[in-house]
Amino acid sequence: MHKIRMDYISFCLAHAQLMQKLCIFFKNIT
8 MHKIRMDYIS FCLAHAQLMQ KLCIFFKNIT
């Protein structure tokens, strides 16, 4: 259970970094 929770947190962090990159990418376009 604890491992699944840690995987979920790391997944969310990685997803947040990806979203941040996409936001910067779109900011540079517009």
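Taking the numbering used here, the leading residue of the sequence shown gets 8, the next gets one more, and so forth.
All C-beta atoms, glycine included, are put in the ideal place defined by N, C-alpha and C.
Given the structure is predicted, the values throughout are model-derived calculations rather than measurements.
Item, Value
"Would you report the Cα separation of threonine 29 and isoleucine 36, rounded to the nearest angstrom?", "Note that residue 29 corresponds to leucine in the displayed sequence, not to threonine. Cα to Cα, leucine 29 sits roughly 11 Å from isoleucine 36."
"Who are the Cβ neighbours of leucine 20 in its own chain at under 7 Å, not counting the five residues just before and after it?", "none"
"Express the C-alpha separation of glutamine 27 and isoleucine 16 in angstroms, rounding to a whole number.", "16 Å"
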